[in-house]
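Here the structure comes first, spelled out in structure tokens, and everything after it is commentary.
Protein chains: 2
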Amino acid sequence: MLWRRFRPEPTATVVRREPGSATKLRRVLSTVVGFASDTAVRADGEGRYATQIRPGWDVVGNANGGYLLSVAVRALREAAERPDPVTVTAHYLSPGRPGPATVTTEVVKRGRTFTTVAGSMDAAGKRLLQVLGTFGDVSTPMGPERVEAAPPDLPPPDACSAVEPTDTFPPPFMGRVDLRLHPDDAGLASGAPSGELRVRGWFRLRDSELIDTIGLVLAVDAFPPTAFNARLPVAWTPTVELTAHVRARPAPGWLRCAFTTRFVTGGFLEEDGEIWDDTGRLVAQSRQLALIPRG
Amino acid sequence: MLWRRFRPEPTATVVRREPGSATKLRRVLSTVVGFASDTAVRADGEGRYATQIRPGWDVVGNANGGYLLSVAVRALREAAERPDPVTVTAHYLSPGRPGPATVTTEVVKRGRTFTTVAGSMDAAGKRLLQVLGTFGDVSTPMGPERVEAAPPDLPPPDACSAVEPTDTFPPPFMGRVDLRLHPDDAGLASGAPSGELRVRGWFRLRDSELIDTIGLVLAVDAFPPTAFNARLPVAWTPTVELTAHVRARPAPGWLRCAFTTRFVTGGFLEEDGEIWDDTGRLVAQSRQLALIPRG
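Chains as they are written, first to last, in this note's numbering: chain A, 8 to 302; chain B, 8 to 302.
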């Protein structure tokens, strides 16, 4: 959630869509980019994976945290040799910029059900992420079920506010994902924040790319910060730590997402995320701890 | 949260307190045990710390997860050379039993504000925990404050239900901490669960030992599982992963604690914890992912 809100305050003109241009650009790029290819990793020696931080996934030059984590998790998953990230945690140490990167992994335990892998991501001589993940298979629902929550109530995607990328806010990263904000929460992009520490909306990848359980790791950090909807003097909210739990594989289609914050205290805030698939099933939960530097 | 509920179902007779005996035992032990001393670590070479998993912190023989994590976090904190665990995550790999243990640490980054340390805990030739922590100083409140929640409403500690240890349920670990359950949530120990996925109560260490920010890491895993209050076929809920965020240093005195679960799905449940100090300040948040093997 490395979003930066620039002064002067973003206004409606900043997010004005120029009809055709963004769509056209995406169409040109769609043959060569995509989430899966832009997070690809290549084995490069014992426990090491080579990768590229691709341009376009950034927020004012720095790669989105969910994107970086998706790359790292893809490498850890290779090492784990199990299909799904059940729980992954990243500590964010330095911002990432486009260019070559390395993910180093260490398989800590191969158990009957899970494999746990520790790892790190380095680029340009800096440690970007320290990561810990446990991998398994979440394809088969099992055990008792009880859910004390409901998916967020959202108008249909076309009745929500599409978030289109700009060089500043919304950031370029928005060109890689398709976000539709709940109308009540969309004012954060136009200088009319709701006042509530909440952001809800739809998420999918561009060009109908299917979302697997690594895509969920992207989704949990893809929305504008809840703090932008509260009238707090917060210009950006760099992530200290993010943990995602993947509870099921998502059905194809849009994901319903809700992010809330309850505690802005001590210079930190947490942001809790819930991702539901189009069948009404919870597929991921997340919590991140972010810093709140003054704007 | 490695609690095990034994068949036959626990009943009121299981938790019957034998007046005097537990208190007397505690008084005898209080000169030699305590949370700080029972989680002590000793530097033992480059990044290595020697420790002992002490008896009495167990749940039917296996050390409580918050206790194990507290030991590991104490070692990581030594390596970090910063006072408070801001965010710590552990993946639980094997149960721990009393005896010598080693915590191995690697300082990943020393920044201006935080130090991040990766680590692991081994005992008896097995990896018990893999840990990742970022350490800083949470003694000085700073930044904007906004709280969209309130501490749990609890009757005074003496009007709540004291949880006294037995060899099975409640487990021996309860002799090391002083837990007072909200009367509405206390039925889980007497075969009359509330039906709600919630456990609330007071927490303190025995013998008026002060709770520091490592003590909070113990508190977030000290309560009986929420699942025991729901009428689910769950005999125990082994933790896969636990993350704790420490938001402030607690004032001396009782801690108000609330644990809730919203999603029992796919063979997993999450348990969210909030710890508030006696001044009404949130001091820690936690979330753990636990397995729900059938009972």
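For each residue, glycine too, the CB sits at the ideal point set by N, CA and C.
As the structure is a computational prediction, the values presented were derived from the model and not from experiment.
Beta-carbon gap between residue i and residue j smaller than 9 Å
| i | j | result |
| --- | --- | --- |
| A:D174 | A:G72 | no |
| A:E113 | A:A86 | yes |
| B:T46 | B:V67 | no |
| B:E277 | B:A265 | no |
| B:V145 | B:A255 | yes |
| A:P162 | A:P190 | yes |
| A:Q210 | A:A226 | Here the sequence assigns Phe to residue 210 of chain A, which means Gln is not the residue at that position. Result yes, Cβ atoms of A:F210 and A:A226 sit closer than 9 Å. |
| B:R55 | B:T109 | yes |
| B:L195 | B:P231 | yes |
| A:L139 | A:A125 | yes |
| B:R294 | A:Q292 | yes |
| A:W261 | A:P159 | no |
| A:E216 | A:G41 | yes |
| A:T120 | B:H98 | no |
| B:P92 | B:L83 | yes |
| A:A156 | B:R238 | no |
| A:P179 | A:G63 | yes |
| A:D65 | A:R104 | yes |
| A:L76 | A:L249 | yes |
| A:G198 | A:C167 | no |
| A:R263 | A:D279 | no |
| A:N236 | A:R205 | yes |
| A:L223 | A:P257 | yes |
| B:K116 | A:L100 | yes |
| A:I221 | A:V80 | yes |
With 16 other Cβ atoms within 10 Å as the buried cut-off, status of residue i
| i | result |
| --- | --- |
| A:V39 | Here the model assigns A:V39 a pLDDT of 49, short of 50, so the residue's position is not dependable, and the following value carries that caveat. Exposed. |
| B:V35 | Note that B:V35 scores a pLDDT of 39, beneath 50, so its modelled location is shaky and nothing firm can be said. |
| B:E152 | exposed |
| B:M128 | buried |
| B:M149 | exposed |
| A:G287 | exposed |
| A:G118 | exposed |
| B:S44 | exposed |
| A:E88 | exposed |
| A:A50 | exposed |
| A:G202 | exposed |
| A:I299 | buried |
| B:A297 | buried |
| A:S37 | With a pLDDT of 39 at A:S37, under the threshold of 50, the modelled position of that residue is not reliable, and the figure given next carries that caveat. Its Cβ having fewer than 16 others within 10 Å, A:S37 is exposed. |
| A:T272 | buried |
| A:G58 | Contrary to the premise, residue 58 of chain A reads as Thr rather than Gly in this sequence. Buried: at least 16 other Cβ atoms inside 10 Å. |
| A:P177 | buried |
| A:G106 | exposed |
| B:G304 | A query on residue 304 of chain B cannot be resolved here, the shown segment of chain B reaching from 8 to 302 and no further. |
| A:L289 | buried |
Range of the contiguous beta strand (DSSP E) that encloses residue i
| i | result |
| --- | --- |
| A:F142 | 133-143 |
| B:G68 | No beta strand (DSSP E) contains B:G68, which DSSP labels as neither H nor E. |
| B:V170 | Looking at the DSSP string, B:V170 is not in any beta strand (DSSP E), and its letter there is neither H nor E. |
| A:P92 | 91-99 |
Residues bridged to residue i [DSSP beta-bridge criterion]
| i | result |
| --- | --- |
| A:H189 | Paired residues: none, contrary to the question. |
| B:W209 | B:R187, B:R263 |
| A:V48 | A:T58 |
| B:M128 | B:V110, B:L136 |
| B:F275 | B:T272, B:L298 |
| B:G63 | DSSP output for B:G63 lists no bridge partner at all. |
| B:G280 | B:F266, B:S293 |
| A:T123 | A:K116, A:T141 |
| A:R153 | B:V271 |
Where the alpha helix (DSSP H) through residue i begins and ends
| i | result |
| --- | --- |
| B:E85 | 72-87 |
Inside the segment 212-270 of chain B only - beta strand (DSSP E) runs reaching at least 3 residues:
246-253, 262-267
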